[in-house]
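Shown next, in structure tokens, is the structure this report addresses.
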Amino acid sequence: MNYLTRQEVATWLDKLAQEQTLIAPLDIAGNILYRPVQDTHEVAWDFVRSFMSIKEFFFPQTERLMLIEKLAGQVTLTETLPEGNTVIFGARPCDARGLLTLDALFIDNEPVDPYYKLRRENTTLIGLACESLGPSCFCTSVGGAPDDPTGMDIMLTPTGGGYVAEILTAKGEKISKRFPVFDGLSEIRPHPLHERKHELKIPPKEVWPAKFNDDFWAEMAERCLSCRICAYVCPSCRCFDVRDEVLPGKNGEDQSERIRCWDSCNGIPYRRVAGGHNPRFMKNQRLRNRFYCKFYYFPLHYGPVSCTGCGRCIDACPVNVDITEVLGYVGRR
Amino acid sequence: MTENTQSNPMMPYLGKLVEVKDIATEIKLFRVEMLNGGGEAFRDTKPGQFAFVSAFGVGEAPFGIANIPQDGSATLDFAINRLGSVTTDLHELGVGDMVGVRGPLGNGFPMEDFKGKNLIVIGGGIGGAPLRPVIQTVMANRDDYRDFQILWAARNPSLLVFTDEYDSWRATPNTELHLTVDQGDSTWEYSVGLITELLERVSPSPRNAVTITCGPPIMIHFVNRVLVEKLNFKPEQNYVTLEARMHCGIGKCGRCNLGTKLVCVDGPVFTMAEVGSLLESFL
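Chains as they are written, first to last, in this note's numbering: chain G, 1 to 333; chain Y, 1001 to 1283.
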């Protein structure tokens, strides 16, 4: 094991920040958000959970897929794949779990999405175990844990004022190499974290179809505003839209970019086709789809449930639509 | 130019418009000659498959491929109704303009399984577009299929697609073409009324037959109902191709699901037995 004081971690991160982009949690007006930082002065070390997950650094809110140039009737397309290496410090276990869920869709399921895959390959994750579960956290119900190192490259566990550091992958090895504190000689073991056992059980795939036409969905949807915040804060929601945006052009050139951006199945026009037909025009149909996607369709197609138990959607929802209430209902006989 | 196209499923091939013609009110037929390798990708396109067509600067949208690409010629037909932003921009384009084409996508009709059967093709409005390659396949391999009935409909005569091909359809051996419109005009000499009424009148036998329907969802629903309840077809005999909003076509964007099925990769061709077993309605 390696044991690092906070000061040593900071010195190490500052060194990494000189070589590649460092993303770290910041306290921005009371919200914890992951942002690029120049050094560790501004980093929020002690927090329960960020408002947004680290999803945006792998599957950005808006991402250019290609550049489109039209000149004299000819069109040139230039693929714009992501470049550069990034280190993310302070990823929580639920964030890493979200990435494993997205991997199942974007990488393991053919055809591979090259944009997402490159970002995954070029990014190293330094995890930070949670010292406590937040009031809406339920990661232990979906198989996670506040100190689960799954999916991390290096896992830091706060222990005795410093951090026990476990190097888990070759990528983690690489960024630890040139910092002598990683000597592997420490006898200190990670502090066993307080683990709250959650009573909630995720209903298995088989029970979902029978509940599809229940009145519950309409009752739940009465208060839903179709605002889509639940999908945007979710580490595993992945619906997207693709469109072209015209760019300010140079002389005689007609330039645009093809972008993809986040979308959500709760949005009213999500399923609407040109001509106006919308098979999911009712709010309850859309709200229901989101939960069926997470716990029935996604596992059926790609393997894992599309929920990390992070509870962000519970905190973000302006009208208290609570995913644990939904799971409780579906799981009830 | 378009690099790494093979490894990046979001990159379209470039195509040049070699023919653009009005074929019905607000509907144009676009003939696209595929450039840099695109022709090869589409060589084995199956009837019922679709592709995303890009209007560069606006976006891309999925359209049923309306022909069978002939060996080596690498041209694709799209019949496109001007309805949304992408189609409005496409309608502004003319011969020589460039578009993007990404595909072929989706499962297509199991034409092999249809061999030796009577085929009933039922098209409503622009829904005729993905059925044209089925008609072309039967015409090109007439002996492989038994009796062939085409029921073709639109809201009014000006919305009927591929009118200049009706004579060649009729001239094909053992082939019937039945036309109907919801609202006729002074020159209309065929049936007036819904396609379901025409279907009941033509009354095809379910024996050794399959039906292939495309049109608005409500038409698909009622056509299937007549076939099953009045003409004794089984839902397994009734093939449909469904429309859905989608943004990737490769099972990623999440948009086109109908319950557990994704229209883009599990469809767009389904039997009504499959459609009926889905959790969610396509209506």
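For glycine and all other residues, C-beta sits at the position ideal for the given N, C-alpha and C. Note that the coordinates shown come from a computational prediction; the quantities given were computed from them, not determined experimentally.
Starting from residue i, trace the alpha helix (DSSP H) both ways and give me its first and last residue.
{"i": "Thr140 of chain G", "result": "Segment: none, Thr140 of chain G is in no alpha helix (DSSP H) and carries neither H nor E."}
{"i": "Cys313 of chain G", "result": "Arg312 to Ala316"}
{"i": "Lys1252 of chain Y", "result": "Run containing Lys1252 of chain Y: none; DSSP gives neither H nor E here."}
{"i": "Phe1222 of chain Y", "result": "Pro1217 to Arg1225"}
{"i": "Phe291 of chain G", "result": "Lys283 to Tyr292"}
{"i": "Met1111 of chain Y", "result": "Met1111 to Phe1114"}
{"i": "Lys177 of chain G", "result": "Ala170 to Lys177"}
{"i": "Asp1167 of chain Y", "result": "Tyr1166 to Ala1171"}
{"i": "Tyr296 of chain G", "result": "Per DSSP, Tyr296 of chain G belongs to no alpha helix (DSSP H) and is neither H nor E."}
{"i": "Leu99 of chain G", "result": "Pro93 to Phe106"}
{"i": "Thr1137 of chain Y", "result": "Arg1132 to Ala1140"}
{"i": "Phe216 of chain G", "result": "Phe216 to Ala221"}
{"i": "Tyr3 of chain G", "result": "That residue, Tyr3 of chain G, is in no alpha helix (DSSP H); its beta strand (DSSP E) goes Asn2 to Leu4."}
{"i": "Val326 of chain G", "result": "Ile323 to Gly331"}
If you check the beta carbons only, do residue i and residue j fall under 8 Å apart?
{"i": "Pro1204 of chain Y", "j": "Ile1120 of chain Y", "result": "yes"}
{"i": "Pro1062 of chain Y", "j": "Met1246 of chain Y", "result": "yes"}
{"i": "Val1099 of chain Y", "j": "Val1058 of chain Y", "result": "no"}
{"i": "Ile68 of chain G", "j": "Ala91 of chain G", "result": "no"}
{"i": "Leu81 of chain G", "j": "Leu118 of chain G", "result": "yes"}
{"i": "Cys237 of chain G", "j": "Arg49 of chain G", "result": "no"}
{"i": "Arg178 of chain G", "j": "Met1 of chain G", "result": "no"}
{"i": "Pro1235 of chain Y", "j": "Val1226 of chain Y", "result": "no"}
{"i": "Val242 of chain G", "j": "Glu1060 of chain Y", "result": "yes"}
{"i": "Asp254 of chain G", "j": "Lys70 of chain G", "result": "yes"}
{"i": "Lys201 of chain G", "j": "Gly84 of chain G", "result": "no"}
{"i": "Asp95 of chain G", "j": "Ser53 of chain G", "result": "yes"}
{"i": "Phe138 of chain G", "j": "Thr324 of chain G", "result": "yes"}
{"i": "Val75 of chain G", "j": "Phe1056 of chain Y", "result": "yes"}
{"i": "Ala1051 of chain Y", "j": "Ala1066 of chain Y", "result": "no"}
{"i": "Tyr1190 of chain Y", "j": "Leu1179 of chain Y", "result": "yes"}
{"i": "Leu1014 of chain Y", "j": "Asp1097 of chain Y", "result": "no"}
{"i": "Val1275 of chain Y", "j": "Ile1122 of chain Y", "result": "no"}
{"i": "Leu4 of chain G", "j": "Ala165 of chain G", "result": "yes"}
Please look up how many angstroms separate the CB atoms of residue i and residue j, rounded, as I've assumed it's under 8 Å.
{"i": "Val1095 of chain Y", "j": "Leu1076 of chain Y", "result": "The pair is not a contact, with the Cβ atoms about 15 Å apart (cut-off 8 Å)."}
{"i": "Thr308 of chain G", "j": "Pro203 of chain G", "result": "Incorrect: roughly 17 Å between the Cβ atoms, too far for contact."}
{"i": "Leu1177 of chain Y", "j": "Ala1024 of chain Y", "result": "Incorrect: roughly 16 Å between the Cβ atoms, too far for contact."}
{"i": "Gly1048 of chain Y", "j": "Pro1268 of chain Y", "result": "7 Å"}
{"i": "Pro279 of chain G", "j": "Leu1283 of chain Y", "result": "6 Å"}
{"i": "Phe57 of chain G", "j": "Ile23 of chain G", "result": "6 Å"}
{"i": "Cys1264 of chain Y", "j": "Gly1106 of chain Y", "result": "6 Å"}
{"i": "Val43 of chain G", "j": "Leu26 of chain G", "result": "7 Å"}
{"i": "Glu1243 of chain Y", "j": "Gly1259 of chain Y", "result": "Not a contact, Cβ separation roughly 16 Å."}
{"i": "Pro1069 of chain Y", "j": "Phe1030 of chain Y", "result": "Rounded, the Cβ-Cβ distance is 14 Å, inconsistent with contact."}
{"i": "Lys1117 of chain Y", "j": "Arg1146 of chain Y", "result": "6 Å"}
For residue i, list the residues DSSP reports as bridge partners.
{"i": "Val1053 of chain Y", "result": "Y:Ala1061 and Y:Val1101"}
{"i": "Cys1214 of chain Y", "result": "Y:Gly1123"}
{"i": "Met66 of chain G", "result": "G:Glu79 and G:Arg258"}
{"i": "Leu1014 of chain Y", "result": "Y:Gly1100"}
{"i": "Leu33 of chain G", "result": "G:Leu26"}
{"i": "Arg243 of chain G", "result": "G:Ile259"}
{"i": "Ser1191 of chain Y", "result": "Y:Thr1180"}
{"i": "Gln74 of chain G", "result": "G:Leu71"}
{"i": "Ile1027 of chain Y", "result": "Y:Ala1024 and Y:Asn1081"}
{"i": "Met1034 of chain Y", "result": "Y:Gly1015"}
{"i": "Pro158 of chain G", "result": "G:Tyr163"}
{"i": "Phe89 of chain G", "result": "G:Ile126"}
{"i": "Phe1270 of chain Y", "result": "Y:Val1240"}
{"i": "Thr150 of chain G", "result": "The partner list for Thr150 of chain G (beta bridge, DSSP) is empty, contrary to what the question assumes."}
{"i": "Asn1118 of chain Y", "result": "Y:Ala1209"}
{"i": "Lys1046 of chain Y", "result": "Paired residues: none, contrary to the question."}
{"i": "Val43 of chain G", "result": "G:Leu26"}
How far does the beta strand (DSSP E) with residue i in it reach, from first residue to last?
{"i": "Leu128 of chain G", "result": "Thr123 to Leu128"}
{"i": "Lys1230 of chain Y", "result": "It is not in any beta strand (DSSP E) - Lys1230 of chain Y carries neither H nor E in the DSSP assignment."}
{"i": "Asp27 of chain G", "result": "Thr21 to Ile28"}
{"i": "Ala1154 of chain Y", "result": "Phe1148 to Ala1154"}
{"i": "Val1240 of chain Y", "result": "Asn1238 to Thr1241"}
Problem set entry | the stretch 1152 to 1161 of chain Y contacting the stretch 1184 to 1201 of chain Y, beta-carbon criterion three pairs below 8 Å | yes
Exercise. Quick check: the stretch 1235 to 1252 of chain Y against the stretch 98 to 111 of chain G, are there 3 or more CB pairs under 8 Å?
Worked result: yes
For this session: Take every Cβ of the stretch 1128 to 1135 of chain Y, pair it with every Cβ of the stretch 1205 to 1225 of chain Y, and state whether three or more of those distances are shorter than 8 Å.
Result: yes
Exercise. Quick one: any contact between the stretch 292 to 308 of chain G and the stretch 127 to 135 of chain G, if contact means 3 or more CB pairs under 8 Å?
Worked result: no
Exercise. For the 8 Å Cβ check, are there 3 or more pairs between the stretch 257 to 272 of chain G and the stretch 221 to 234 of chain G?
Worked result: yes
For this session: Determine contact between the stretch 86 to 101 of chain G and the stretch 147 to 157 of chain G, defined as no fewer than three beta-carbon pairs at a distance below 8 Å.
Result: yes
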